[in-house]
Amino acid sequence: MAHTHMHAIPFTCQALSDQDLPASKFDKEFRQSVNFDDLENAALAENKTFNLDEWKRKFLKELTSSFEQISEKWPYKTHEKRCRDFNYHADYTMNLISLLKVKGPHGKMVHIHKDNINSIKEQINRLFKKYDKFECAREEKRYTLQSPLRNDLDNFCENRDHLAECVTSKKQNCKRLVNFVNSKYYDLFSYDTCIVDSDTTDGKLLHISNNCSLYDIPKTFSYPACDNFEIPERIQSIPYCPMENLSLFSQLAAFVSDYISYIPNLAQIRRSVVYICLIILGISIPFLILYRVKKK
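Quick note on the UniProt record's numbering: the sequence shown kicks off at 1 and runs consecutively.
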């Protein structure tokens, strides 16, 4: 794949689609530049031809290049968000690598040795340092089901704020902002929505700032710059799912659904879908049998 250059700001207010908004465009271009699809395909389905060393070299090179571009060409106000983006992608990368299987002795597919995984992690972490005008510390987080949701929320807020900045005194761009915010809200939430993973070890994972938090949805999904537009009724926050009230199959289905819903081009990974379904079926059958035996 040809080298993909990230846009060096300035993002205009003439974005043709949501994919042209700053956070969406950055995310898409960075993914393309490091061939994330290849790593995802290899992690979700055994791929004997995937070359991890080659992919890792490209990833490290592109990550370094991205840091340098941010330092040289991007305004300071974007630095904090881009640093969170890079940290998220580093966590996601290490999570995928831990799932990989590579060709071992006698051609058998085996998981990568822990020492090799730690070596890759150290190489990535060393790139998080102070560049000329951009400093980004590595904040390593355990990758959970809620990690992609947090990243999605972060991207939404960046795009929302960009559209809010585009609103002029004549409210020329209000309709675009209002439609974007409402559309994203209805895509994500309903009164039946709940968070499956209630692990709050890392604090409030889905809270980024006071106006970017799934614990204060009315404030996050609002448009104060367009005060002449009425904000529809919003749920206040997303409750945690009462896991004890869910069936085993529902919990497994929710787990898999949350995990794979954020993986681009999943429709192309046909073997993975079969593999995931077999996992659910394989885990569920013994429990269903035990349940029937106990009932008898």
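Don't be surprised by glycine CBs; every beta carbon is placed ideally from N, CA and C.
It is roughly 6 Å from the alpha-carbon of Asn159 to the alpha-carbon of Leu21.
Residue burial is scored here from C-beta neighbours: Lys184 has at least 16 other C-beta atoms within 10 angstroms and is therefore classed as buried.
Cys83 sits buried, since 16 or more C-beta atoms from the chains shown fall within 10 Å of its C-beta. Ranked by how close their Cα comes to the Cα of His111, the residues Glu122, Ile120, Asn118, Ser98 have Ser98 in first place. 8 Å or more divides the Cβ of Tyr143 from the Cβ of Phe67. Put simply, of Lys121, Phe86, Val102, Arg176 the residue whose alpha carbon is nearest the alpha carbon of Pro148 is Phe86.
In the displayed model, Cys241 falls within coil according to three-state DSSP, outside both helix and strand.
With respect to Lys133, Met94 sits apart: the two C-beta atoms are not nearer than 8 Å. Per DSSP, the unbroken beta strand (DSSP E) holding Ile208 starts and ends at 207-209. Only buried fits Thr220, as 16 or more other CB atoms lie within 10 angstroms of its CB.
The distance from the Cβ of Cys226 to that of Val178 is about 6 Å, consistent with a contact at the 8 Å cut-off.
Taking the C-beta atoms as reference points, Cys174 is found nearer than 8 Å to Phe229. Rounded to whole angstroms, the gap between the alpha carbons of His207 and Glu72 is 30 Å.
Val167 sits in coil when the DSSP states are folded into three classes, being neither helix nor strand. Relative to the Cα of Tyr240, the nearest Cα in the group Pro224, Cys166, Ala164, Gln146 belongs to Gln146. Assignment of beta-bridge partners to Ser147 by DSSP yields no partner. In this structure, Arg176 sits away from Leu188, with a CB-CB distance that is not shorter than 8 Å. Per DSSP, His79 is one residue of the alpha helix (DSSP H) stretching across 79-99. Bounds of any beta strand (DSSP E) do not take in His113, whose DSSP letter is neither H nor E.
Membership of Asn182 in the alpha helix (DSSP H) is indicated by the continuous run 174-188. Taking the Cα positions, Lys58 is about 46 Å away from Pro232. For Ala42, the uninterrupted alpha helix (DSSP H) run begins and ends at 36-44, by DSSP. Residue Lys48 holds the alpha-carbon nearest to the alpha-carbon of Gly107 among Lys48, Glu62, Asp38, Leu153.
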